[in-house]
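K.L.:
My questions will all concern the structure given below.
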Amino acid sequence: MIKRFIRRVLGLSAATVDRVPPEEHGLSREALSPAAAKVCAVLREAGFSASVVGGAVRDLLLGITPQDFDVATDARPEQVKPLFRRALIIGRRFRLVHVMMGADTVEVSTFRAADPDTAEKDEHGRVLRDNVFGTQAEDARRRDFTVNALYFDPASEEVVDFHGGLADLKKRVLRVIGDPQTRYRKDPVRMLRAVRLGAKLGLTLDPATR
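Residue numbers 15 to 224, in the numbering used here, belong to the letters of the sequence shown in order.
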């Protein structure tokens, strides 16, 4: 009940997952950088899930070469680091792992939950760390735009889509996840990011996102 209330306050609704096969979206694991593919393979071999997420997936679907690759996993940072020879845990609030392979650095993040009540705070109520680990669905709800909440699983070559990001890309629409007004109040810079990203990629802002 508490989680449902939080979702209403944040303007987030329960997401249904769409697992889109490669014959429908056109991506293959060969499109990934060798470093990103290796990171995902190592995590899977250790028993964890691992998907490329965010801007890299979006760009590949648009036919753009990504500048970098981010990986999302259910492994925690302290479980990720020992799996790689050159890896570093960074950040206080958002702990991430940077895995270095040759000249490439792959950023590995753990699925995070959208649950501000369980964030670690100081005596004044300020957030010290909100690395509240969660599921892939919860991680997708935290992201800014539907086109940035797409997960590419190199093992199955499926695109995992919780918020209709694939459909928005096909329509070349940029849409905020959840209620735009609520999201903009929590993060006013998101509005500027929407304008910049739309202009950069040639995407039209969804009417509610404007």
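Note that the Cβ used here is the ideal one computed from N, Cα and C, for glycine as well. Keep in mind that this is a model prediction, so the values were computed, not measured.
Sorted by chain position, which residues of the same chain lie with C-beta nearer than 6 angstroms to M9's C-beta, five sequence neighbours on each side aside?
P.N.:
Residue 9 lies beyond the range of the chain shown here (15 to 224); nothing can be said about it.
K.L.:
Closer than 8 angstroms is the cut-off here; do at least three beta carbon pairs connect the region 96-111 with the region 65-79?
P.N.:
no
K.L.:
Who are the Cβ neighbours of V209 in its own chain at under 6 angstroms, not counting the five residues just before and after it?
P.N.:
As a first step, residue 209 is located in the sequence shown; it is residue number 195 there, counting from the start. Cβ neighbours of V209 beyond the five flanking positions: none.
K.L.:
Should R197 be labelled buried (16 or more other beta-carbon atoms within 10 Å of its own) or exposed?
P.N.:
As a working mapping, residue 197 is identified with position 183 in the sequence shown. Residue environment for R197: buried (at least 16 other C-beta atoms within 10 angstroms of its C-beta).
K.L.:
Can you grab the Cα-Cα spacing for the pair R22 / A117, in whole Å?
P.N.:
Counted from its first residue, the sequence shown places residue 22 at position 8. Counted from its first residue, the sequence shown places residue 117 at position 103. Note that R22 has pLDDT 39, beneath the 50 cutoff, so the model's placement of it is unreliable and the number below is only indicative. Their backbone Cα atoms lie some 44 angstroms apart in a straight line.
K.L.:
Quick check on the DSSP output: the beta strand (DSSP E) that includes A222 runs from which residue to which?
P.N.:
The residue you call residue 222 lines up with position 208 of the sequence shown. A222 -> no beta strand (DSSP E), and no H or E assigned at all.
K.L.:
Going by alpha carbons, who is nearest to V230 out of Q93, A51, G148, V85?
P.N.:
As shown, the chain starts at 15 and ends at 224. That puts residue 230 outside it, with no answer to give.
K.L.:
Confirm, please, whether the CB-CB distance from V31 to F176 is below 8 angstroms.
P.N.:
Here residue 176 refers to the residue found at position 162 of the sequence shown. Here residue 31 refers to the residue found at position 17 of the sequence shown. In this structure, V31 lies closer than 8 angstroms to F176 by Cβ.
K.L.:
So who's on the other strand from S123, going by DSSP bridges?
P.N.:
Here residue 123 refers to the residue found at position 109 of the sequence shown. Beta-bridge pairing links S123 to A86, L110.
K.L.:
Going by DSSP, which residues form a beta bridge with I104?
P.N.:
Residue numbering aside, residue 104 sits at position 90 when the sequence shown is read from its first letter. Paired residue(s): L110.
K.L.:
So, is T79 buried or exposed, given that buried needs 16 or more other C-beta atoms within 10 angstroms?
P.N.:
The sequence position of residue 79 within the sequence shown is 65, counting from 1. By the neighbour-count rule (16 or more Cβ atoms within 10 Å), T79 is not buried but exposed.
K.L.:
Tell me the DSSP secondary structure of L76 in three-state form.
P.N.:
For the purposes of this step, residue 76 is identified with residue 62 of the sequence shown, where counting begins at 1. Note: L76 maps to coil in three-state DSSP.
K.L.:
Just curious, the alpha helix (DSSP H) that R155 is in, first and last residue?
P.N.:
Mapped onto the sequence shown, residue 155 falls at position 141. Counting along the chain, the alpha helix (DSSP H) containing R155 begins and ends at 150-156.
K.L.:
My output table needs one value for E172: the three-state DSSP class, helix, strand or coil.
P.N.:
Working through the sequence shown from its first residue, we reach residue 172 at position 158. Three-state result, E172: strand.
K.L.:
Express the C-alpha separation of L74 and R156 in angstroms, rounding to a whole number.
P.N.:
Counted from its first residue, the sequence shown places residue 156 at position 142. Counted from its first residue, the sequence shown places residue 74 at position 60. Cα to Cα, the separation comes out at about 22 angstroms.
K.L.:
Could you pull out every residue in the same chain whose Cβ sits closer than 6 angstroms to the Cβ of L110, ignoring the five residues on either side in sequence?
P.N.:
Position 96 of the sequence shown, counting from 1, holds the residue named residue 110. Correct list, in chain order: I104, E121, S123.
K.L.:
In the DSSP assignment, the alpha helix (DSSP H) including A3 goes from what residue to what residue?
P.N.:
No answer is possible for residue 3: it lies beyond the span of the chain, which begins at 15 and ends at 224.
K.L.:
In the structure shown, what three-state DSSP assignment does P130 receive?
P.N.:
Mapped onto the sequence shown, residue 130 falls at position 116. The pLDDT assigned to P130 is 48, lower than 50, so where the model puts this residue is not dependable; a value taken from the coordinates is nonetheless given after this. P130: helix per DSSP, three-state reduction.
K.L.:
With DSSP as the reference, identify every bridge partner of F147, one or two as the case may be.
P.N.:
As a first step, residue 147 must be located in the sequence shown, where it is residue number 133. For F147, which the question treats as bridged, DSSP gives the partners R126.
K.L.:
Can you tell me whether DSSP reads P46 as helix, strand or coil?
P.N.:
What you label residue 46 is simply residue 32 of the sequence shown in a count that begins at 1. The sequence shown places Leu at residue 46, rather than the Pro named in the question. In this structure, L46 counts as coil in the three-state DSSP scheme.
K.L.:
Across which residues does DSSP place L188 in a beta bridge pair?
P.N.:
For the purposes of this step, residue 188 is identified with residue 174 of the sequence shown, where counting begins at 1. Answer by DSSP bridge pairing, in chain order: L219.
K.L.:
For R224, which residues from the same chain have a beta carbon less than 7 angstroms from its beta carbon, with the 5 sequence-adjacent residues on both sides left out?
P.N.:
Walking along the sequence shown from the start, residue 224 turns up at place 210. Same-chain partners within the cutoff: there are none.
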